[in-house]
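Okay, so here's the structure we're looking at.
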Amino acid sequence: MIGIYLIGAFSIAIGLFLSRNKIVTFGLLGLFLVLQWVLTLYSFNNLRSTDLGYFTYDSLAVLLLVVLSIIAVPALIHSHIYLDDQPAPPQTRSIYYGAIVLLMTAISAGYLSNHIAVTWIFTEITTLSASALIYHHRNKLALEGTWKYVFICAISITFVFVGILFLSLSLENAGSDDLSYSNLIANSSRLNPFWLRLAFLFIFTGFTAKLGLVPMFTAGIDAKDKAPAPVGALLSSVLMNLGFVGIFRFYVVVANTPLHHWANVVIGIAALLSVFVSTVYMIKVKNIKRMLAYSGIEHMGLVMLGVAAGGVGYYAAILHIILHALVKSSLFFQFTQLYRVFQNKSIYHVGNYFKYNTTGAMVLLLGFISATAMPPSGLFVSEFMIFRSLFEAHQILLLVVVLLLLTMIIWAFGKNIFKILFIPPVDFDDSNVPKISPWESVTQFILLALAVYLGLNPPTEFVNLLKESIMLLPK
Amino acid sequence: MIHVFLIIFLITLFYLSIANRMLTYVKVLALQGVLLFFVVFLQLQKIDTLNLVLILLETIVFKSIAVPMFLAYLLKRNNITREAEPYLPNFISLIITTTIVVATILLSNSIKDTNLDKMFFVVALSTLFTGLYFIASRRKIITHVMGYLVIENGVFVLSLAVGNEMPMMVNLGIMLDIFVSVLILGIFLNKIGDVFKDVDVDQLTNLKDF
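Protein sequence lines correspond, in order, to chains A and B. Those letters in the first sequence? Residues 0 to 474, per numbering that gives the first Met the number 0, in order. Those letters in the second sequence? Residues 0 to 209, per numbering that gives the first Met the number 0, in order.
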């Protein structure tokens with residue numbers, strides 16, 4: 000199935016790239032969505048089976064694949080609205096649609112791969128396809144953002160590759176040089192700790208560019224700022240999940256070795272620094288898209304804190320990353336409407352949003368409540384579990400510091416959001432504000448509602464998948 | 000014999016660190032590709048056609064012909080001046096490169112792993128870090144791309160040191176990805192040349208938080 004999917008999706012991407020006809024483009028996009036959902040349902044029905052040797056439909060991959068397929072639908076709808084609103088030359092349009100399909104295909108394949116080098120290949124493809132999307136506006140700033148993103152991701156991906164090489168050195172006594180995750184876990188007691196340590200450092204550092212964690216988070220921020228908002232939604236949700244998959248799958252290997260504690264310390268430091276850095280920027284930031292991107296850094300920091308703390312933290316981390324993807328993408332989709340009203344993304348020139356677009360303002364308000372993990376948001380549940388895991392790991396001091404930082408983040412986030420919602424902007428001429436149909440916000444409400452539902456009342460099947468994906472970790 | 004080529008490879012790094020003209024960088028990168036070809040060729044235990052073709056493709060065709068030609072084209076098209084314009088004087092660059100090499104030798108001496116060829120390890124790691132140093136210390140964007148290529152060469156040497164053959168498909172995928180990423184970097188470099196009229200990193204400071 001994955002073979003059909005990859006061939007199909009790649010040819011659809013090429014078709015979109017060549018097509019200049021609107022009807023053909025819509026047909027191909029529809030076909031891609033069907034293909035994406037067929038793969039998702041197929042993987043759900045064939046749980047734990049391996050396809051083509053390099054792809055396994057395991058529970059973590061299936062969970063994230065479902066999230067991707069859910070977000071893919073509004074992403075394409077909002078892309079269509081976006082491209083209608085800001086007319087681009089036909090060639091730019093074709094590149095946009097081709098690249099967005101390629102991006103989603105590469106992310107899906109990256110989730111499913113069971114071999115660390117195959118994950119590497121598809122992560123690299125996401126960089127290349129994302130670069131075409133970030134450069135969509137063809138202006139100076141977009142160029143700067145693209146260059147920084149491509150360059151930093153290229154360096155990081157090289158780091159991952161160096162890590163993979165060290166990893167294969169560590170396999171020398173294992174009797175098998177197969178780099179698939181299952182083989183690594185099976186041989187985890189025979190891995191050479193020195194090389195494994197180096198491998199973990201390099202692979203972790205490399206994937207932080209995708210995950211959005213200290214030290215390589217900077218490129219992602221610029222990318223999410225300059226990319227069209229529907230793409231920003233993908234970059235800050237499903238692509239971050241791909242970075243998480245890269246780190247988490249390798250972390251499972253390391254966790255089964257004596258290096259477990261050391262790896263937790265490394266992850267914990269990076270995670271705490273990420274929360275700290277995002278706090279500092281959240282207080283200063285005046286660009287709405289960048290604010291949302293920094294909020295993503297904070298959430299990834301929390302997720303990795305959960306992983307580092309262990310216990311219930313593992314479960315919470317995966318739950319958190321799923322719910323965060325739903326909430327953050329909905330906020331980014333809402334941003335397209337906000338931009339259409341104000342034609343500006345600086346908080347100074349935006350305000351009193353309730354007056355101009357009530358439905359959109361509701362999305363923004365509910366999205367804010369969700370993103371800051373206030374009840375009834377689903378993120379409240381996962382964040383609470385992360386704090387509990389920190390408490391159970393006897394990291395009280397760390398917990399206090401994180402809670403203080405989070406308080407500041409909520410204050411800064413709230414200050415900005417309420418300015419957008421209620422305080423009238425200075426010198427804003429509202430004579431030709433476009434009317435925005437409430438129907439456009441439906442998908443965003445669905446995503447937010449889904450996050451609440453999955454957090455507060457998770458279906459049994461969902462919980463089972465979550466539990467299964469952390470099964471291989473030591474208690 | 001392999002060690003001779005590796006040492007020549009190491010010397011090219013010192014040469015790069017004091018080189019002034021952009022074309023010198025391109026030529027040294029091409030030379031590195033040839034050196035890598037000899038290293039791989041001598042390391043081969045048995046010669047089969049497919050393997051040989053792949054290695055030829057990776058080192059000679061890609062590293063010493065395609066990429067240097069592409070870089071030379073970029074230099075010409077964007078009217079990039081000859082000077083490399085480092086932030087630091089050449090003498091200090093040389094000292095830093097030497098420090099990197101000495102540090103990796105010291106590091107490799109602390110490793111007690113009999114399976115590892117230390118020469119490969121030293122060359123690989125020092126190439127990696129020297130490449131990073133080039134990126135940090137040069138003002139032109141194209142030298143950043145060259146620094147990236149130096150890092151790639153270092154990774155290539157490291158993959159030889161590991162001696163673990165990845166499956167063919169995986170190898171091919173990795174090669175293709177690197178090739179495309181260099182191409183993409185080149186394309187955007189061209190765009191930067193068109194838009195900014197000057198290809199310095201100082202131009203890329205407009206993205207701000209407010």
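Even for Gly, the Cβ is constructed at its ideal location relative to N, Cα and C. Because the structure is a prediction, the values reported are computed rather than measured.
- Under the Cβ criterion of 9 Å, ASP199/B is not counted among the residues facing chain A.
- Cβ contact annotation for TYR280/A (same chain, cutoff 6 Å, sequence separation greater than five): TYR293, in chain order.
- The beta carbons of ALA71/B and ASN19/B sit about 17 Å from each other, so the pair does not count as a contact at 8 Å.
- Assignment of ASN44/A by DSSP, reduced to helix, strand and coil, places it in the helix class.
- In terms of Cβ geometry, LEU420/A and GLY366/A do not form a close pair [threshold 9 Å].
- Apart from the 5 residues on each side of it in sequence, ASN191/A sits with its Cβ closer than 6 Å to the Cβ of SER169 in its chain, given in chain order.
- Under a criterion of Cβ atoms nearer than 8 Å, no residue of chain B is adjacent to PHE383/A; the nearest Cβ is some 30 Å distant.
- Looking at the DSSP output, LYS139/B sits in a beta bridge with ASP199/B.
- Here ASP428/A carries a coil assignment [DSSP, helix/strand/coil].
- VAL65/A places its beta carbon less than 9 Å from that of PHE43/A.
- Proximity of HIS2/B to chain A, defined by a Cβ-Cβ separation below 9 Å, is not satisfied.
- The Cβ neighbour count for LYS62/B, taken over all protein chains shown within 10 Å, is at least 16; the residue is labelled buried.
- Under the three-state reduction of DSSP output, SER107/B falls in the helix class.
- Just measuring C-alpha positions, the residue of VAL306/A, LEU210/A and MET470/A sitting nearest ASN263/A is VAL306/A.
- Using beta-carbon distances, LYS139/A counts as an interface residue toward chain B, with a partner under 9 Å.
- As the crow flies, the alpha-carbon of GLY312/A is around 5 Å from that of SER388/A.
- Judged by DSSP in its simplified three-state form, HIS393/A adopts coil rather than helix or strand.
- Rounded to the nearest angstrom, the Cβ distance from PHE332/A to ALA228/A is 7 Å, consistent with a contact under 8 Å.
- Taken residue by residue, none of the segment 29-61 of chain A has a beta-carbon sitting less than 7 Å from a beta-carbon on chain B.
- Cβ contact annotation for THR129/B (same chain, cutoff 6 Å, sequence separation greater than five): LEU12, THR96 and ILE99, in chain order.
- For ASP224/A, the neighbours in chain B by C-beta distance under 8 Å run, in chain order, LEU206.
- Closer than 9 Å to the CB of ASN114/B there is at least one CB belonging to chain A.
- LEU464/A sits close to SER58/A, with the two beta carbons spaced by under 9 Å.
- At a cut-off of 9 Å between beta-carbon atoms, VAL244/A makes no contact with chain B.
- The C-alpha of LEU43/B lies about 15 Å from the C-alpha of PHE4/B.
- In this chain, the alpha helix (DSSP H) harbouring ILE287/A covers 287-308.
- Around the beta carbon of ARG289/A, 16 or more other beta carbons sit within 10 angstroms, so the residue counts as buried.
- Listed in chain order, the alpha helix (DSSP H) elements of length 4 or more contained wholly in the segment 21-97 of chain A are 21-44 and 58-84.
- By the neighbour-count criterion, in which a residue is buried when 16 or more other Cβ atoms sit within 10 angstroms of its Cβ, MET68/B is exposed.
- Look at GLU382/A here: in three-state DSSP terms it is helix.
- Residue pairing from DSSP places HIS114/A in a beta bridge opposite SER179/A.
- Shown in chain order are the members of the segment 183-194 of chain B whose Cβ falls below 7 Å from a Cβ of chain A: ILE183, LEU184, PHE187, LYS190, ILE191 and VAL194.
- For the pair ALA450/A and LEU337/A, the Cα-to-Cα distance works out to about 22 Å.
- About 7 Å separates the CB atoms of VAL380/A and LEU455/A; that is less than 8 Å, so the two are in contact.
- For ARG20/B, the beta-bridge partners assigned by DSSP are GLU82/B.
- Under the 8 Å Cβ criterion, the segment 107-120 of chain A counts as touching the segment 240-249 of chain A, having at least three qualifying pairs.
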